[in-house]
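Enquirer: The UniProt record's numbering puts the sequence shown at residues 1 to 261.
Sharing a structure with you now.
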Amino acid sequence: MATVSKRSRLAVWKDVIFALFIRTIRSQFNDKFGLSWAVVNPVSFILILSVIRGRLEGGTTHTLDTFTFMACGMLTVQMFLSALGASAGVIKKNKALFAFRQVRPISAFIASGLFELLVKVLVLLSVVLAMYFLKIDILLANPLLFIIAQLAIFITAGAIGAMFAIATAFIPEIDKIRGMLTRPLFFISGVFFSLQDLPRDIWIYFQWNPILHAIELSRQAVSPSFGAVGVSLNFLLGCALVSLFISLCCYQVYWKRAISN
1 MATVSKRSRL
11 AVWKDVIFAL
21 FIRTIRSQFN
31 DKFGLSWAVV
41 NPVSFILILS
51 VIRGRLEGGT
61 THTLDTFTFM
71 ACGMLTVQMF
81 LSALGASAGV
91 IKKNKALFAF
101 RQVRPISAFI
111 ASGLFELLVK
121 VLVLLSVVLA
131 MYFLKIDILL
141 ANPLLFIIAQ
151 LAIFITAGAI
161 GAMFAIATAF
171 IPEIDKIRGM
181 LTRPLFFISG
191 VFFSLQDLPR
201 DIWIYFQWNP
211 ILHAIELSRQ
221 AVSPSFGAVG
231 VSLNFLLGCA
241 LVSLFISLCC
251 YQVYWKRAIS
261 N
């Protein structure tokens, strides 16, 4: 007589996340270009903007090579926007799967986050490869600070996106509001400038933005000579922890109503 082995909840949860992760890869890149487009698109954008900024600045910006300066900004803001957008669309895209008892929104959020993290790692490696062929010095004085800053802004984006996903399940129009709120972030987050370029009197209008802190700290991690001012790692980590806590609270209270709405 055959014996039936009972798997633990953790094993089931792991298998569900892996299955959703594979499903996300197949659904996102089922065209001819596949995963390469997710890498080529941001890398080419960084190259074009770096060339334009380099001609204006003469090749260096605040002791950093202009390509490196722009790459830190572009990679960080693109990570935030892509993680936010992917997390905000999780419930809507996977709603049919939630009919299965084993599949819960938290698993879809984790799978989506892992996928976005994988894509951004590939983008980062492609940027480093482009710097090598362009004969640009590849420097990273403080790898730990760089990783912490990037992960903190990634967690912040995913947590905020989860809150938008839950809210959108009740009020679909909120998704349009999210699009309106994220458009200015590209221009006020320090992608094209440093806080050092601005008068101290107006710093307060930019320091509320955790993306700016992540970008400036990433540039500081690349080269200490950059001399980042007006930013704080503690503020960035605080934003990540607070947004994650609030999103988990909202999820715990509303996830059942969100998937059945």
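Glycine residues also receive a C-beta, built at the ideal position from the N, C-alpha and C atoms.
For residue 128, collect the residues of the same chain with a Cβ closer than 8 Å to its Cβ; drop the 5 residues on either side in sequence, then sort them by chain order.
Expert: For the purposes of this step, residue 128 is taken as residue 128 along the sequence shown, with counting starting at 1. 138, listed in sequence order.
Enquirer: In the structure shown, what three-state DSSP assignment does residue 65 receive?
Expert: Taking the sequence shown and counting its residues from 1, the one referred to as residue 65 is at position 65. Correct three-state label for residue 65: strand.
Enquirer: Please classify residue 144: is it buried, with 16 or more other beta-carbons within 10 angstroms of its beta-carbon, or exposed?
Expert: What you label residue 144 is simply residue 144 of the sequence shown in a count that begins at 1. Residue 144 is exposed by the Cβ-count criterion.
Enquirer: What did DSSP end up calling residue 1 once you bin it into helix, strand or coil?
Expert: In the sequence shown, the residue the question calls residue 1 occupies position 1. Caution is warranted here: a pLDDT of 44 is assigned to residue 1, below 50, making its placement in the model unreliable, and the coordinate value is therefore given only provisionally. Reduced to three states, the DSSP call for residue 1 is coil.
Enquirer: May I have the straight-line CA-CA distance separating residue 178 from residue 239, to the nearest angstrom?
Expert: Position 178 of the sequence shown, counting from 1, holds the residue named residue 178. Position 239 of the sequence shown, counting from 1, holds the residue named residue 239. Going from the Cα of residue 178 to the Cα of residue 239 covers about 18 Å.
Enquirer: Are there 16 or more other CB atoms within 10 angstroms of the CB of residue 228, so buried, or fewer, so exposed?
Expert: As a first step, residue 228 is located in the sequence shown; it is residue number 228 there, counting from the start. Label assigned to residue 228: buried.
Enquirer: Are the region 206-222 and the region 140-154 in contact at 8 Å, needing three or more beta carbon pairs?
Expert: Yes, the region 206-222 touches the region 140-154.
Enquirer: Per DSSP, what are the beta-bridge partners of residue 60 in this structure?
Expert: Counted from its first residue, the sequence shown places residue 60 at position 60. Bridge partners of residue 60: 65.
Enquirer: I'd like the span of the alpha helix (DSSP H) that includes residue 251, first residue to last.
Expert: Start at 1 with the first residue of the sequence shown, and residue 251 comes out as number 251. 233-260 is the span of the alpha helix (DSSP H), which, as asked, contains residue 251.
Enquirer: May I ask you to verify whether the region 181-195 touches the region 107-115, counting CB pairs closer than 8 Å and requiring at least 3?
Expert: Verdict: no, contact absent.
Enquirer: Between residue 234 and residue 190, what straight-line distance do the alpha-carbon atoms span, to the nearest angstrom?
Expert: Looking up residue 234 in the sequence shown gives position 234. Looking up residue 190 in the sequence shown gives position 190. When rounded, the distance between both Cα atoms is 19 Å.
Enquirer: Out of curiosity, what's the CA-to-CA distance linking residue 142 and residue 85?
Expert: Stepping through the sequence shown from its first residue, residue 142 is reached at position 142. Stepping through the sequence shown from its first residue, residue 85 is reached at position 85. Their backbone Cα atoms lie some 29 Å apart in a straight line.
Enquirer: In chain order, what residues of the same chain have a beta carbon less than 7 Å from the beta carbon of residue 261, not counting five sequence neighbours either side?
Expert: Here residue 261 refers to the residue found at position 261 when the sequence shown is read from its first residue. The residues are 169, 170.
Enquirer: Evaluate residue 133 with the Cβ neighbour count: other Cβ atoms within 10 Å of its Cβ, from every protein chain shown; 16 or more gives buried, anything less gives exposed.
Expert: As a working mapping, residue 133 is identified with position 133 in the sequence shown. Burial call: exposed.
Enquirer: Find the nearest neighbour of residue 188 within the set 12, 97, 204, judged by alpha-carbon distance.
Expert: Counted from its first residue, the sequence shown places residue 188 at position 188. Of 12, 97, 204, the residue nearest in Cα terms is 204.
Enquirer: Can you tell which of 166, 77, 100 has the C-alpha that lies nearest to the C-alpha of residue 124?
Expert: Stepping through the sequence shown from its first residue, residue 124 is reached at position 124. That would be 77, whose Cα lies nearest to the Cα of residue 124.
Enquirer: Can you tell which of 166, 96, 63, 12 has its C-alpha closest to the C-alpha of residue 246?
Expert: For this step, residue 246 is matched to residue 246 along the sequence shown. Closest by alpha carbon: 166.
Enquirer: Tell me whether residue 109 counts as near the ligand ZN, meaning its Cβ is closer than 7 Å to at least one heavy atom of that ligand.
Expert: Inclusion of the ligand ZN in the displayed structure is not the case, the ligand content being empty and no account of it being possible.
Enquirer: Could you tell me whether the region 157-164 touches the region 78-98, where touching means 3 or more Cβ pairs closer than 8 Å?
Expert: The answer is yes - the region 78-98 touches the region 157-164, with three or more Cβ pairs under 8 Å.
Enquirer: For residue 40, which of 174, 130, 61, 206 has the nearest alpha-carbon?
Expert: Here residue 40 corresponds to residue number 40 of the sequence shown, with the count starting at 1. Minimum Cα distance to residue 40 is reached at 130.
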